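**Student:** In my numbering, the protein residues as written are 7 to 214. Glycine is no exception: its CB is placed at the ideal position from the N, C-alpha and C atoms. All of these numbers come straight from a predicted model, not from anything done at the bench. Okay, here's the structure, questions in a sec.
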């Protein structure tokens with residue numbers, strides 16, 4: 007009987023010690039584990055955010071580099087278009103030795119040929135006089151029109167500014183914003199212009 011009572015006391019004591027041990031472990035270990043897990047989750051999340059940020063920055067730099075190279079290519083394309091047409095006109099000018107009426111016909115023939123080139127140059131080549139009168143344009147409604155008062159979407163004079171710069175600088179690039187169809191936001195256009203002083207013309211090409 008004594009041994010049985012002693013056994014029960016020892017057994018209960020051991021159980022209490024075990025329970026106490028696990029309670030202590032729970033009270034101290036579980037919060038520590040939770041803090042550790044939370045810290046690891048924060049570190050993992052921060053690492054993921056840093057990785058995403060690095061990818062976004064890399065992609066942004068790639069897009070910027072592509073955009074810059076595309077702009078350079080477009081500028082070269084516009085310059086080539088204008089240079090080719092200037093060479094054609096200059097060839098005709100140098101080989102001309104006729105009357106004023108013949109010169110008028112030659113100019114009109116040259117303008118008509120430029121209008122016919124709109125498919126070759128993707129509707130981009132146009133010619134105007136020093137006073138911003140449109141002499142040849144892919145869109146027929148502009149031909150013969152005084153364009154000196156035409157403004158872009160932000161109120162800036164388009165052709166009058168180009169005409170003034172062409173006479174002062176001989177050539178250059180111009181950016182302006184126009185409404186394209188039903189779109190609410192204006193579209194930026196890039197133009198390259200060069201004056202042809204022999205006939206007081208401005209040869210230009212533009213692209214969206």
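If you draw a straight line from the alpha carbon of residue 48 to that of residue 71, how long is it in whole angstroms?
**Tutor:** 34 Å
**Student:** Helix, strand or coil for residue 181, going by three-state DSSP, please let me know.
**Tutor:** strand
**Student:** Given this structure, state the Cα-to-Cα distance separating residue 100 from residue 93, to the nearest angstrom.
**Tutor:** 10 Å
**Student:** In terms of alpha-carbon separation, which member of 143, 182 and 148 lies closest to residue 157?
**Tutor:** 182
**Student:** Identify which residue in 148, 163, 30 and 196 has its Cα closest to the Cα of residue 154.
**Tutor:** Comparing Cα-Cα distances from residue 154 to each of 148, 163, 30 and 196, the minimum goes to 163.
**Student:** Out of curiosity, what's the CA-to-CA distance linking residue 161 and residue 167?
**Tutor:** 12 Å
**Student:** Roughly how many angstroms lie between the CA atoms of residue 197 and residue 45, to the nearest whole one?
**Tutor:** Going from the Cα of residue 197 to the Cα of residue 45 covers about 57 Å.
**Student:** Under 7 Å between the Cβ atoms of residue 195 and residue 184?
**Tutor:** yes
**Student:** Report the CB separation of residue 165 from residue 134 in whole angstroms; it is logged as a contact under 8 Å.
**Tutor:** 6 Å
**Student:** Which residues in the same chain have their Cβ closer than 6 Å to the Cβ of residue 203, if we skip the five residues on either side of it in sequence?
**Tutor:** none
**Student:** May I ask which residues mark the beginning and end of the beta strand (DSSP E) holding residue 200?
**Tutor:** 193-202
**Student:** With C-beta atoms as the reference, is residue 200 less than 7 Å away from residue 213?
**Tutor:** no
**Student:** Would you identify the three-state DSSP class for residue 151, choosing helix, strand or coil?
**Tutor:** coil
**Student:** Which two residues bound the contiguous beta strand (DSSP E) that contains residue 166?
**Tutor:** Per DSSP, residue 166 belongs to no beta strand (DSSP E); it is in the alpha helix (DSSP H), 165-175.
**Student:** Let me confirm a value: residue 73 is counted as buried when at least 16 other C-beta atoms fall within 10 Å, else exposed. Which label applies?
**Tutor:** With fewer than 16 Cβ atoms within 10 Å of its Cβ, residue 73 is classed as exposed.
**Student:** Throw me the rounded Cβ distance for the residue 131 and residue 87 pair, which I believe falls under 8 Å.
**Tutor:** 6 Å
**Student:** When you compare the CB positions of residue 148 and residue 206, do they come within less than 7 Å of one another, or not?
**Tutor:** Not a contact, by the Cβ cut-off of 7 Å.
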